[in-house]
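Residue numbers (our numbering): 1391 to 1570.
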């Protein structure tokens, strides 16, 4: 995925992880370093750990979105829920679907946290993927999943950083993501 609109997101990791009460996976940190927070193909939003102080339009962060993801688990009929403790669910992304992209934060090593997806238009309401965020995204954009959220396979994967989105919106020319 081109990095032309990605930037090293200035995140104080010690403070963010302190606010969240846990360390975050290294692939997520690497993604933030390469791309930052933003959207892939206008569909898959990758969240900041905590709100950016200079953001013009408030957007959901991991800290703000996690209670909603946990509440969604509680509101899912028991037969459609995975066998995970809802307190171990932590959001890291979202689609307008509204699909919820999470980690299951079990264990001391965040690099071993699997991805858990709550899909509105998928065969299973909740699906556990035995991989991290980066591998999940690679598999998603290369159409490796039969029952996963869609990322708009009609175009090559493109990333739009939230600051660029705000700049384009202010200029009146934002249409979700630049053409490939």
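Don't be surprised by glycine CBs; every beta carbon is placed ideally from N, CA and C.
Inter-stretch contact (C-beta, 8 Å, three-pair minimum) for the region 1414–1432 and the region 1461–1468: no
Whose C-alpha, out of 1487, 1489, 1394 and 1506, is nearest the C-alpha of residue 1496? 1506
So, is residue 1469 buried or exposed, given that buried needs 16 or more other C-beta atoms within 10 angstroms? exposed
Using the three-state DSSP reduction, which class does residue 1463 fall into: helix, strand or coil? helix
Express the C-alpha separation of residue 1492 and residue 1568 in angstroms, rounding to a whole number. Because residue 1568 sits at a pLDDT of 41, beneath the cut-off of 50, its placement in the model cannot be relied upon, and the point is left open.
Can you give me the Cβ contacts of residue 1416 inside the same chain, cut-off strictly under 7 Å, excluding the 5 residues immediately before and after it? 1501
Judging by CA-CA distance, which residue of 1498, 1418, 1442 and 1392 is the nearest neighbour of residue 1552? 1442
Looking only at its own chain, which residues have a Cβ that is under 8 Å from the Cβ of residue 1477, when we skip the five neighbours before and after it? 1460
For residue 1518, verify whether its CB is less than 7 Å away from any heavy atom of the ligand SAH. With respect to the ligand SAH, the structure offers nothing, as it holds no ligand at all.
Can you tell me which of the three DSSP states residue 1558 falls into? helix
By alpha-carbon positions, which one of 1472, 1397, 1437 and 1503 ends up nearest to residue 1514? 1472
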